[in-house]
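Step one of this worksheet: look at the structure below.
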């Protein structure tokens, strides 16, 4: 018989016969706003999430200055993608 493995992660047992470990995806929806991120984390916890996944990046290291993004609030309706993420 194969032994079913389980692990203890942050005080919660994971593995066969245990509830799923629920991770809420916040990603970059916090728009770099720490207070908004805190509220989103609190909401995720209040709604049953065991953890959250956040994402952040530095635009100058990942976005080309030559790509354009649609922006209805900008003259010409386009701005460099780099500026969009500033």
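In my numbering, the protein residues as written are 11 to 96. Each residue gets a CB set at the ideal place from its N, CA and C atoms; glycine is no exception.
For residue 30, the three-state secondary structure derived from DSSP is coil. Looking at the backbone, the Cα of residue 41 and that of residue 52 are separated by about 16 Å. Excluding residues up to 5 positions away in sequence, 33, 34, 35, 36, 37 lie with their Cβ nearer than 8 Å to the Cβ of residue 63 in the same chain.
DSSP places residue 52 in the helix class (H, G or I) of the three-state scheme. Closest by C-alpha distance to residue 39, out of 50, 19, 26, is 50.
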